[in-house]
Amino acid sequence: MNEPNVLVNFRLDRDRPMRIKWLATDGVPGDGYKAQVMAFTLDDGSTLHMDSTAVLEQTAPDPAGGIGAYLVTFNGMVGFASDHPDRPRIDKLEDEEIGYDMAFIHEDSGRPAVEGEDYETVLLDGFDPLVHIELPGIVGFPGYKSNEPGQLERAGVDFDLFAPSDYGIPGSFGILYTTRQFLDEHPTAVQDFLRASMRGLADAMADPEAAAAAAIEKVEAGGNPNFLSLEGETFRWTTDVELLRADTPDGTGVGVPDPELLQAEVDAYAEVGLFADGAPDISDRFAVDPIAGVYDDTGEVIWPAS
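Residue 6 is where the sequence shown starts when you use our numbering, and the numbers rise one by one after that.
Given below as structure tokens:
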């Protein structure tokens, strides 16, 4: 007795649709063009080609996206007989997240729409690690140790963190800058500004939770346009403080440039082809003395200025 057919449901829900911006003038999705699911990419990277009638797409205008914006979803059952060549792989699927290939076919000519000419795929607005980590086509994304990992941890999402510094890749973050002309013409003003900034930074590092609370109070007073939270900002600043303490040598003030490390960072960029003419000369791109001068020999801010 032959093993019975197995039915598999392939679905792209409306809470996570494909978003497109339609550009072609000889029809639109649902009126001139028919969206078709052409293939699925299984979890082992192999491709399962589809009968385009097996999965029913549902394309609808997206009012929130403006003129030419559409949302695409699909839902359909596909049967696989026991002797189907893809049956062994299909039998292993159970609530799996897999990729898909979608095509828009002109109903009269049969011409497939060309992405980039007839339509564009619209990425999600902004960046939400909780949303993006669930998308089948995304296997990794860049982020900040003080941001995305905290969001994922608070949501109970498992993830692997790869830090470039763990692989010998140099890097830096945070900068206070001015022009060389202003520095040359107003050296004491520059140093006074740096002294006040480093005094504030020292206070914030001494009590990260209080610093985050003070920042959120200001943010809320301004309407909080980026929807920041006290929990998220506390994680962000606590993590940054740990990094600052770990990466600042004993007896050195926080924020004092290290010329050798900066040069190593630029050299690393040059090795991967970031600069067309090789590593640029950075010797005049930073100033050590103005900020080093606001610290005493123990790395504490001299306050007030002597």
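Quick reminder that beta carbons are idealized off the backbone N, C-alpha and C, glycines included.
Quick check: what's the CA-CA separation for A40 versus Q63?
Taking the straight line joining both Cα atoms gives about 8 Å.
Sorted by chain position, which residues of the same chain lie with C-beta nearer than 8 Å to V259's C-beta, five sequence neighbours on each side aside?
If we look at V259 and ignore the five residues flanking it on each side, its Cβ neighbours are M203, L206, A207, M210, L249, T253, G304.
Using the rule of at least 16 other Cβ atoms within 10 Å of the residue's Cβ for burial, across every protein chain shown, is T239 buried or exposed?
Around the Cβ of T239, a 10 Å sphere holds 16 or more other Cβ atoms; the residue is buried.
May I ask which residues mark the beginning and end of the beta strand (DSSP E) holding A108?
Unbroken beta strand (DSSP E) run through A108: 104-111.
Measuring straight from C-alpha to C-alpha, what distance separates Y300 and I307?
C-alpha separation (whole angstroms): 5 Å.
Can you name the residues that DSSP bridges to G283?
Among the bridge pairs identified by DSSP, G283 is matched with none.
Ordered along the chain, which non-local residues of its own chain (more than five positions away) have a Cβ less than 7 Å from that of I110?
So the qualifying residues of the chain are Y38, K39, Q41, P117.
Taking DSSP as the reference, what is the three-state secondary structure of E99?
Three-state DSSP puts E99 in coil, outside helix and strand.
Go ahead and pull the three-state DSSP assignment for H137.
In this structure, H137 counts as helix in the three-state DSSP scheme.
Give the C-beta separation of E270 and S177 to the nearest angstrom, bearing in mind that I take them to be a contact with Cβ-Cβ under 8 Å.
6 Å between Cβ atoms; contact.
From I287 to A215, what does the alpha carbon distance come to, in whole angstroms?
Counting only the Cα atoms, A215 lies some 37 Å from I287.
Contact criterion: CB-CB distance below 9 Å. Does M43 meet it with respect to chain C?
The structure shown contains no chain C; it holds only a single protein chain.
Close beta carbons around I221, own chain, < 6 Å, minus the five adjacent residues each side
Answer for I221: L235, E238, listed in chain order.
In chain order, what residues of the same chain have a beta carbon less than 8 Å from the beta carbon of I180, not counting five sequence neighbours either side?
None.
One question on the structure: do R94 and L47 come within less than 9 Å of each other, judged by their Cβ atoms?
Going by C-beta atoms, R94 is nearer than 9 Å to L47.
Quick one: residues in its chain with C-beta nearer than 8 Å to the C-beta of P192, no 5 flanking neighbours on either side, listed in chain order?
For P192, where only same-chain residues beyond five positions count, the Cβ hits under 8 Å are P295.
Whole angstroms is fine: what's the gap from G256's alpha carbon to D302's?
When rounded, the distance between both Cα atoms is 6 Å.
Since I believe L12 is in contact with G81 (beta carbons under 8 Å), could you give me their beta-carbon distance rounded to a whole number of angstroms?
Your pair G81 and L12 does not check out as a contact, with CB atoms roughly 10 Å apart and the cut at 8 Å.
Beta strand (DSSP E) segment containing I25, residue limits:
Taken as a continuous stretch (DSSP letters only), the beta strand (DSSP E) holding I25 covers 23-27.
Selection from A74, R185, Q186 that minimises the alpha carbon distance to K26
Among A74, R185, Q186, the Cα nearest to that of K26 is on A74.
So, T78 versus M43, is the Cβ gap smaller than 9 Å?
Cβ atoms of T78 and M43: not closer than 9 Å.
Measuring CA to CA, which of E125, V127, E120, L166 is closest to I138?
Ranking the options by Cα distance to I138, first place goes to L166.
Over the uninterrupted beta strand (DSSP E) stretch that includes E238, give me the two end residues.
For E238, there is no enclosing beta strand (DSSP E); the residue is found in the alpha helix (DSSP H) stretching over 235-252.
Compute the Euclidean distance between the alpha carbons of A226 and A218, then round it to the nearest angstrom.
Each residue's Cα considered, the two are about 12 Å apart.
At what residues does the beta strand (DSSP E) containing V83 begin and finish?
In the DSSP annotation of this structure, the continuous segment of the beta strand (DSSP E) that includes V83 starts and ends at 74-85.
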